[in-house]
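So the sequences go chain by chain: A and B. My numbering puts the first sequence at residues 144 to 745. My numbering puts the second sequence at residues 108 to 439.
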Amino acid sequence: MSEARGLTSWLTTTDHKRIGLLYFWTALAFFLIGGIEALFIRVQLAQPNGQVVSAETYNQLFTMHGTTMIFLALMPLGASFFNYMVPLQIGARDVAFPRLNAFSYWVFLFGGLLLNASWFVGPLFHAGMLNVAPDGGWFGYANLTERQYSPGPNIDFWVLGLQILGISSLAAGFNFIVTILNMRAPGMKMMRLPAFTWMTLVTQFLIITAFPVITVGLAFLMFDRFFGTHFYVREAGATPILWQHLFWLFGHPEVYILILPAMGVVSDVLPTFSRKPLFGYPVVVYSGILIGLMSWGVWSHHMFAVGLGPIADSVFAATTMLIAVPTGVKIFNWIATLWGGDIRGTTALHFAVGFIAMFIIGGLSGVTHASPPADLQQTDTYYVVAHIHYVFFGGTIFGLFAGVYYWWPKMTGRLLDETLGKVHFWLQFIGMNLAFFPMHLIGLLGMPRRVYTYAPELGVGTLNLVSTIGAFLIALSILIFLVNLWRSRTHGQPAPNDPWGGATLEWSVSSPPPVYNFSVIPTVTNRLPRWSTERHGPMRDPPAVPPEPIHVPGGSWWPMVAALGLPVLALAPLTQTLWVAFVGAALLIAGVYAWAFQPFEV
Amino acid sequence: MPRYRLWLLTVALWVAGCGGPFPQTTLEPRSDFGSVIDQLFTGIFWWAAGVFLVVETLLVITLIRFRHREGRPAPKPTHGHTLMEIAWTLAPAAILVFVAVPTVRTIFATAGEAPADALKVDVIGHQWWWEFRYRELGLVTANELHVPLGRAVQLSITSADVIHAFWAPPLGGKRDAIPGHVNRIAFRADRVGVYDGQCAEFCGASHANMRLRVVVDSDSGFGRWATVQLAGPAAPAAGTLAERGKAVFARSACIGCHTIQGVSPGVIGPNLTHVGSRATIASGLFPNDSAHLASWIADAPALKPGSLMTRMKPPLKDDDIAALVAYLASLK
Ligand code: HEC
Ligand code: HEM
Ligand SMILES: [Cu+2]
Ligand SMILES: [Cu+2]
Numbered sequence: 144m145s146e147a148r149g150l151t152s153w154l155t156t157t158d159h160k161r162i163g164l165l166y167f168w169t170a171l172a173f174f175l176i177g178g179i180e181a182l183f184i185r186v187q188l189a190q191p192n193g194q195v196v197s198a199e200t201y202n203q204l205f206t207m208h209g210t211t212m213i214f215l216a217l218m219p220l221g222a223s224f225f226n227y228m229v230p231l232q233i234g235a236r237d238v239a240f241p242r243l244n245a246f247s248y249w250v251f252l253f254g255g256l257l258l259n260a261s262w263f264v265g266p267l268f269h270a271g272m273l274n275v276a277p278d279g280g281w282f283g284y285a286n287l288t289e290r291q292y293s294p295g296p297n298i299d300f301w302v303l304g305l306q307i308l309g310i311s312s313l314a315a316g317f318n319f320i321v322t323i324l325n326m327r328a329p330g331m332k333m334m335r336l337p338a339f340t341w342m343t344l345v346t347q348f349l350i351i352t353a354f355p356v357i358t359v360g361l362a363f364l365m366f367d368r369f370f371g372t373h374f375y376v377r378e379a380g381a382t383p384i385l386w387q388h389l390f391w392l393f394g395h396p397e398v399y400i401l402i403l404p405a406m407g408v409v410s411d412v413l414p415t416f417s418r419k420p421l422f423g424y425p426v427v428v429y430s431g432i433l434i435g436l437m438s439w440g441v442w443s444h445h446m447f448a449v450g451l452g453p454i455a456d457s458v459f460a461a462t463t464m465l466i467a468v469p470t471g472v473k474i475f476n477w478i479a480t481l482w483g484g485d486i487r488g489t490t491a492l493h494f495a496v497g498f499i500a501m502f503i504i505g506g507l508s509g510v511t512h513a514s515p516p517a518d519l520q521q522t523d524t525y526y527v528v529a530h531i532h533y534v535f536f537g538g539t540i541f542g543l544f545a546g547v548y549y550w551w552p553k554m555t556g557r558l559l560d561e562t563l564g565k566v567h568f569w570l571q572f573i574g575m576n577l578a579f580f581p582m583h584l585i586g587l588l589g590m591p592r593r594v595y596t597y598a599p600e601l602g603v604g605t606l607n608l609v610s611t612i613g614a615f616l617i618a619l620s621i622l623i624f625l626v627n628l629w630r631s632r633t634h635g636q637p638a639p640n641d642p643w644g645g646a647t648l649e650w651s652v653s654s655p656p657p658v659y660n661f662s663v664i665p666t667v668t669n670r671l672p673r674w675s676t677e678r679h680g681p682m683r684d685p686p687a688v689p690p691e692p693i694h695v696p697g698g699s700w701w702p703m704v705a706a707l708g709l710p711v712l713a714l715a716p717l718t719q720t721l722w723v724a725f726v727g728a729a730l731l732i733a734g735v736y737a738w739a740f741q742p743f744e745v
Numbered sequence: 108m109p110r111y112r113l114w115l116l117t118v119a120l121w122v123a124g125c126g127g128p129f130p131q132t133t134l135e136p137r138s139d140f141g142s143v144i145d146q147l148f149t150g151i152f153w154w155a156a157g158v159f160l161v162v163e164t165l166l167v168i169t170l171i172r173f174r175h176r177e178g179r180p181a182p183k184p185t186h187g188h189t190l191m192e193i194a195w196t197l198a199p200a201a202i203l204v205f206v207a208v209p210t211v212r213t214i215f216a217t218a219g220e221a222p223a224d225a226l227k228v229d230v231i232g233h234q235w236w237w238e239f240r241y242r243e244l245g246l247v248t249a250n251e252l253h254v255p256l257g258r259a260v261q262l263s264i265t266s267a268d269v270i271h272a273f274w275a276p277p278l279g280g281k282r283d284a285i286p287g288h289v290n291r292i293a294f295r296a297d298r299v300g301v302y303d304g305q306c307a308e309f310c311g312a313s314h315a316n317m318r319l320r321v322v323v324d325s326d327s328g329f330g331r332w333a334t335v336q337l338a339g340p341a342a343p344a345a346g347t348l349a350e351r352g353k354a355v356f357a358r359s360a361c362i363g364c365h366t367i368q369g370v371s372p373g374v375i376g377p378n379l380t381h382v383g384s385r386a387t388i389a390s391g392l393f394p395n396d397s398a399h400l401a402s403w404i405a406d407a408p409a410l411k412p413g414s415l416m417t418r419m420k421p422p423l424k425d426d427d428i429a430a431l432v433a434y435l436a437s438l439k
C-alpha cells in the first residue's frame with residue numbers, strides 16, 4: 144500500500160495519478176518545443192524579407208508548431224487533468240481500465256517522439272538535418288500532400304505520427320467514458336458531477352466520434368502515398384476536396400475537444416474563488432452537450448472559399464452562427480457566477496477570468512468569419528490566425544493554466560508562489576494581446592497566413608514587429624512559470640488537503656492523495672459535497688487511515704511494450720523495409736497478449 | 108459607417124507607427140464585389156464591437172464590485188435564474204439574425220454570376236505562378252491580369268496542379284483554385300490602378316512568392332493592351348544582340364517549357380510572347396529589368412525557392428544570358 148519508488152515504478156505504473164503527472168510533464172516538454180518553433184516563426188516575420196530561415200525550413204516550422212501544439216501539448220495537457228482529477232472528482236480509486244490508460248500514455252509519447260524525430264533524421268533519408276519534418280500545414284491539404292507533390296518522407300512522418308496519436312486518444316476516450324459512467328461513488332448522480340468531469344465526458348464522446356473520421360482520411364492518404372491508390376487524385380477522377388471534408392469533419396469537433404476541458408476547468412475554478420455555486424449548472428452542462436452535438440454540423444465553415452455553392456454556404460453559415468449561442472450562454476453564466484460572490488484574486492482565478500475575457504474576442508472574430516462573404520476576405524489570412532490564437536491561447540491555454548494553478552498543490556503536495564504566478568499571468572496576458580491582436584489588422588491589410596516572407600510594400604512590418612515582441616513576452620512569462628514550478632518542487636510550502644476551500648471531492652483527500660485515493664469511498668448527497676448549502680452541511684472527509692486494508696493493483700510493463708509496437712510498425716513504411724513491420728506487429732501482439740493474461744496481483 | 112472604421116483603423120495604425128499605403132488592404136474596396144463584402148463586414152464588426160464592449164465591461168464591473176473585502180458576508184448561494192438565462196440565450200440569437208440575413212443576401216449576390224457581356228477570363232494556378240486566358244480575345248498572359256474599368260469581369264478559377272487561391276484583396280474576396288473544379292468570381296472595378304494580390308492557399312515551397320497584379324485600365328487603355336498582346340512577337344532586327352538571343356532561346360531548353368508564338372510551343376511555364384510588356388517577372392516578385400532577368404535565367408530557384416524553372420544544365424554562358432535578356436526585353 145505504500146508508494147513504490149524508482150524509475151521502474153514510473154515506467155510500469157498504472158496509477159491514474161502518476162499517469163496524469165507523466166502526461167503533464169510530457170505535454171509541458173512538447174509545449175516548450177512548440178513554443179520554440181513559434182519563436183523562430185516570429186523572428187523570421189519580425190521584418191519584411193526575413194532571412195533567418197529558408198522557405199523550406201519555415202514550412203516545416205509552422206507545420207510542426209501547429210501539429211505539436213494541438214496534438215502534443217494542449218490535448219495531452221487536458222488529458223493530464225482528466226487522468227489526475229476525474230477519478231478523484233467522482234470518488235473512484237482509479238480509472239476503469241488502468242493498463243489501457245498506461246497504454247494511451249505510452250502511445251502518445253512514442254507518437255510524439257516519432258513526429259519530432261523527423262527534425263533530426265534527414266541524413267537517414269539522404270537529406271540534411273532539418274529537412275524531412277512535415278511541411279504541409281497542420282491540416283495537410285491533399286493533393287499537395289500526395290506523393291507527386293510531396294515526394295520526401297516529410298508527410299509520411301506526419302501521416303504515421305497522427306495515426307499513432309489517434310490510437311492513444313481513442314483508447315483514452317473509451318476509458319474515460321466508461322470511468323465516468325460506471326465508476327462514480329454512491330450518490331454521485333450524473334447531475335452531481337463536477338462541471339470539469341462533465342466537460343471531460345463530452346470531450347471524450349467527441350474524441351471517439353471525431354478521430355475515426357481523421358483515421359479514415361489519413362488511411363486514404365497513406366494508401367495513396369504508399370500503395371499508389373487515388374483517393375484524392377484528380378487525374379483518376381477523384382477530388383482533393385474529399386480530404387477537406389474528412390479533415391474538417393474531424394477538425395471542427397477537434398477544436399471543441401480542445402476548448403471544452405478548459406471550459407470545464409473554468410467552471411470549477413470560478414465557484415471556488417467566488418465562494419458561490421456555479422450559476423445555472425444544468426444550463427452550463429446542457430450547453431456543453433449542445434456545443435458538442437452542434438460541432439458536428441459546421442465543418443464547411445473552413446471551406447467557404449472552396450466554392451461549395453450558395454446553398455451550402457448559407458446553411459453552414461447559419462449552423463456556425465447558431466453555435467455561438469450556447470457559447471455565449473456559458474460566458475453569461477460564468478459572469479453570473481462571479482456576480483454577488485466574494486472574489487478572491489488568486490492566480491488560478493486570474494487565469495480563469497483571463498480565459499473569459501480573451502475567449503470573448505475569439506468568439507466574436509469567429510462570428511465575423513461565420514459570414515461566408517466576409518470570410519472570403521479573411522480566410523487563409525492572419526485574421527484567422529488571430530482568431531485561432533484568441534481561442535487556443537486566450538481560451539484553451541489560459542483555461543489549462545487556471546487548472547495548473549488550481550490543482551498543482553493537489554498533484555504535488557506543494558503550493559505555487561502566488562506572486563510569481565501573478566507576474567506570470569500579467570506578462571502572458573499583455574504578451575498575448577501584443578502578439579495576436581495586431582494579427583487581425585495584418586490579415587485585413589492583406590497578409591496571407593503560411594508565408595515565410597512578405598514584401599515591405601505591404602505596410603505590415605511594424606505590426607509584425609509588435610507581434611514578435613509580444614511573442615517574446617509570452618516566452619518570458621513561460622520562463623517565470625517554469626521557475627515557479629521549480630521553486631515549488633524545491634522549497635514550496637506544503638499544501639494542506641484543501642488550500643482553496645473547494646466544493647468537490649478531490650479536496651477531501653490529502654495532497655497528493657494516497658495511492659488508493661479514498662480510504663473509504665465517499666457517499667455523495669449533493670452537488671457541492673464539501674460546502675454547506677441551505678439544505679446540507681459539508682460532507683465529512685474520509686479518514687486519513689483506511690479502516691481496512693485496500694488492495695491496489697501493481698504495475699505492468701506490457702502496456703508500454705504493446706505501445707512500442709506502433710512506432711516500430713510505422714518505421715516499416717518510412718524505411719521501406721518489410722521485416723520491420725513484422726517486428727512491430729510482434730511487439731504489439733505479444734504486448735497485448737501478455738497484458739491480457741497478466742494477473743492483477745503482481 | 109465605413110468612414111468611422113477607417114478612422115479607427117487609422118488611429119490603430121498610427122499607434123502602431125505605420126501609415127501605409129496598403130496595396131493589399133481589404134478595407135478600401137475598389138470594386139462592387141469588394142464593396143458589398145466590406146459593407147457586410149462593417150455591419151458585423153459593429154455588432155461584434157458592441158457585444159465586446161458590453162460583455163467585457165460587465166466582467167470588469169463584476170470583478171471590481173465583488174472583489175474580496177474583509178468582513179464581506181458570505182455570498183448567497185444562488186444556483187440560477189431561469190428567466191435571466193432564457194434572456195441571455197435569446198439576446199445573442201436575436202443579434203445573430205441581424206448578421207445572418209444580410210449574410211445570406213450577400214452570399215447569393217456574390218456567387219460569381221455575371222451579365223452576358225462580361226469579360227471572361229480563365230485563371231489557372233500553377234506552382235508558383237498564374238496563367239490568364241482571355242477566351243473571347245484568344246490571348247494568354249501570365250501573372251498580370253488586365254481588366255477594363257467599369258466593365259463586368261468574370262474569372263473562372265482552376266488549377267493545373269495543387270490547390271491555390273486567387274486573391275486580389277481590393278477587388279474582392281478570394282476563391283480557391285482547385286484541380287478539376289472551376290470557381291467563379293465576378294466584379295466590376297471602379298478605379299483605374301494597379302492592385303496587388305497573392306495566392307492565399309498554402310501550395311508548397313514558394314507559396315509566399317506566388318503573387319499577382321491586377322491592372323485596371325481605362326477602356327481605351329485596355330483596348331491598346333489587348334491589341335499589343337494579340338499581335339505576334341516582335342521580330343528582333345538583324346544583327347542585334349536580341350537576334351542572337353532569339354537563336355540562343357531556340358536552341359536551349361527554354362523551348363520545352365515556354366511558348367513564344369511562332370518560336371516555341373512549351374506550356375510548363377508562362378507564355379513569353381509579350382514578356383517584355385509586363386512590369387514584373389516571376390509572379391510579381393521582381394521588377395522586369397535586365398539585372399533581374401539575367402539572374403532569373405541563370406538560376407531561378409536561387410531567387411524563388413523550389414521554382415520549377417530549374418537551373419539550366421549545362422549552365423548558360425554569360426554572353427548567352429545577356430543575349431537572352433535583350434531578346435526577352437524586346438518582346439514588348
Ligand atoms: C523546366 C521548364 C523550364 C525551362 C527549361 C525554362 N523555364 Fe522559364 N519558367 C518556367 C517556369 C515554371 C516559370 C514560372 C516560374 C515561377 O514564376 O515560379 C518560368 C518563368 C520564366 C520567366 C518569367 C516569366 C514571367 O513573366 O514571370 C522567364 C523570363 C523565363 N522563364 C525565361 C526562360 C528562359 C530564357 C529559359 C531558357 C534559358 C527558360 N525560361 C527555361 C519553366 C522553365
Ligand atoms: C463562437 C464560436 C466560434 C465561431 C463562430 C467560430 C468560427 C470559425 C470559422 C468560421 C472559422 C473558419 C475561418 C477560416 O478559415 O476562414 C474558424 C476557424 C478556426 N476556429 Fe473557430 N469559431 C468559434 C470558436 C472556436 C473555438 C472555441 C475554437 C477552439 C478552441 C476555434 C478554433 C478555430 C481554429 C483552430 C480555426 C482555424 C483552423 C485553421 O484554419 O487552421 N474556434 N472558426
Ligand atoms: Cu470550425
Ligand atoms: Cu499558394
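Each residue gets a CB set at the ideal place from its N, CA and C atoms; glycine is no exception. Because the structure is a prediction, the values reported are computed rather than measured.
Interface residues of chain A facing residue i [CB-CB closer than 8 Å]
| i | result |
| --- | --- |
| E308(B) | Y284, A448, D523 |
Beta-carbon separation (whole angstroms), residue i vs residue j, contact threshold 8 Å
| i | j | result |
| --- | --- | --- |
| W262(A) | A276(A) | 5 Å |
| S402(B) | L410(B) | 6 Å |
| P286(B) | D268(B) | 7 Å |
| P515(A) | A460(A) | 5 Å |
| L709(A) | V264(A) | Not really, about 18 Å apart at Cβ, beyond 8 Å. |
| W274(B) | G232(B) | About 11 Å separates the two Cβ atoms, so there is no contact after all. |
| F416(A) | L308(A) | Between L308(A) and F416(A) the Cβ distance is about 34 Å, and since that is not below 8 Å, they are no contact. |
| L313(A) | F354(A) | 5 Å |
Closest by C-alpha distance to residue i, when choosing among the options
| i | options | result |
| --- | --- | --- |
| S508(A) | T522(A), V658(A), A495(A) | T522(A) |
| L492(A) | V162(B), T132(B), R174(B) | R174(B) |
| Y248(A) | T200(A), V667(A), F268(A), N318(A) | N318(A) |
| H186(B) | Y201(A), K419(A), L389(A), D411(A) | K419(A) |
| I233(A) | A646(A), V726(A), V704(A), A733(A) | A646(A) |
| S384(B) | M419(B), L337(B), V355(B) | L337(B) |
| P450(B) | K420(B), L438(B), I375(B) | In the structure as shown, chain B starts at 108 and stops at 439, and residue 450(B) therefore has no counterpart that could be examined. |
| G295(A) | W332(B), C364(B), A221(B), A312(B) | A312(B) |
Chain-ordered chain A contacts of residue i [CB-CB under 7 Å]
| i | result |
| --- | --- |
| S313(B) | A198 |
| V321(B) | The contacting residues do not exist; V321(B) stays about 13 Å from chain A at best. |
Contacts that residue i makes with chain B (C-beta to C-beta distance below 7 Å)
| i | result |
| --- | --- |
| I143(A) | With chain A covering only 144 through 745, there is no way to say anything about residue 143(A). |
Bridge partners - residue i, DSSP secondary structure assignment
| i | result |
| --- | --- |
| H253(B) | V322(B) |
| L226(B) | V260(B) |
Partner residues on chain A for residue i, Cβ-Cβ distance less than 9 Å
| i | result |
| --- | --- |
| G413(B) | A198, E199 |
Euclidean distance between Cα positions of residue i and residue j
| i | j | result |
| --- | --- | --- |
| M108(B) | E135(B) | At M108(B) the pLDDT is 41, less than 50, meaning the model places this residue with poor confidence and gives no usable figure here. |
| S145(A) | F494(A) | At S145(A), the pLDDT of 49 sits below 50, so the modelled position is not reliable; the number obtained from the coordinates is stated separately. Spanning the two alpha carbons is a distance of roughly 36 Å. |
| T211(A) | I400(A) | 15 Å |
| G613(A) | V603(A) | 15 Å |
| V745(A) | G564(A) | Caution is warranted here: a pLDDT of 47 is assigned to V745(A), below 50, making its placement in the model unreliable, and the coordinate value is therefore given only provisionally. Taking the straight line joining both Cα atoms gives about 42 Å. |
| S699(A) | P716(A) | 30 Å |
Listed by chain order, chain B residues near residue i by CB distance under 8 Å
| i | result |
| --- | --- |
| I478(A) | V162, L165, L166, T169 |
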